[in-house]
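Trainee: Below: one structure in structure tokens.
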Ligand code: GLP
């Protein structure tokens, strides 16, 4: 594993996906051990699945305790029912919550069936703030540079809000559905301000298809057209990527 420091960013380049998952889990458990009541910001997508598996293993071996942990997920499709197996609620239960000693009542995911979206967004934002903010926010990155579901655009949206998904995102996420027509076209997501208010950020990426965007987000200019580029302005960012995702950056 290589370690590079770039401004405020601590970058770990791992040999492969497994090592990325292990290193990610280590960064999270370090925070959990430091805090009496840890607040985690969590992400979905294919990338963090291995890290969640590692956290489950550590929990089963009594190496980490989630009993006092609260979580806030970045996003949820809209509209989607919790029980739908494509919902991020379902994903989180399947891939993490059902297998660790967390109190499910301390887990938060935007409500994909909210009738009043503005109210739901405001409440979500308030809840994060009232608890004192997120200690560590896990992020993946979309191939178009999105974080959460903050798609490329002309402005950085500060707070939790509803978005129309980018064509690229719908195409990328079609692999989880039986056809592209089934991919929801809208979602609720934490805003860029919500994400930036986390005390620490942990971004994970794996695979060659992320290598171009990783280079742009780290070395390009900060622009809402590449939402993840805003992380250049966050004071405490850890980036854990495998060699394939780092391949353009290292050229
Ligand atoms: C998804 C999620 C993001 C995630 C990204 C990358 O649609 N909304 O939070 O980071 O796209 O997904 P993957 O890890 O599957 O490449």
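Numbering (our numbering), first residue to last: 3 to 253. Idealized CB from N, CA, C, for every residue including glycine. Keep in mind that this is a model prediction, so the values were computed, not measured.
(1) Mind checking whether residue 203 and residue 236 have CB atoms under 7 Å apart?
(2) Can you list, in chain order, the residues of its chain whose CB lies under 8 Å from that of residue 71, leaving out five sequence neighbours each side?
(3) Under the DSSP definition of a beta bridge, which residues are partnered with residue 206?
(4) Can you list, in chain order, the residues of its chain whose CB lies under 6 Å from that of residue 150, leaving out five sequence neighbours each side?
(5) Decide yes or no for the touch test of the region 61-69 against the region 84-95: beta carbon pairs closer than 8 Å, at least 3 of them.
(6) I need the boundaries of the alpha helix (DSSP H) containing residue 5, first residue and last residue.
(7) Assign residue 136 to one of two classes, buried (16 or more other C-beta atoms within 10 Å of its C-beta) or exposed (fewer than that).
(8) Taking only three categories from DSSP, how would you classify residue 60?
(9) Would you mind working out which of 46, 23, 74 and 22 sits nearest residue 196, comparing C-alpha positions?
(10) What is the DSSP secondary structure of residue 29, reduced to helix, strand or coil?
Mentor: Taking the definition as stated:
(1) yes
(2) 34, 39, 40, 41, 42, 104 and 108
(3) 242
(4) 76, 77, 191 and 192
(5) no
(6) It is not in any alpha helix (DSSP H) - residue 5 instead sits in the beta strand (DSSP E) that spans 4-8.
(7) buried
(8) helix
(9) 74
(10) helix
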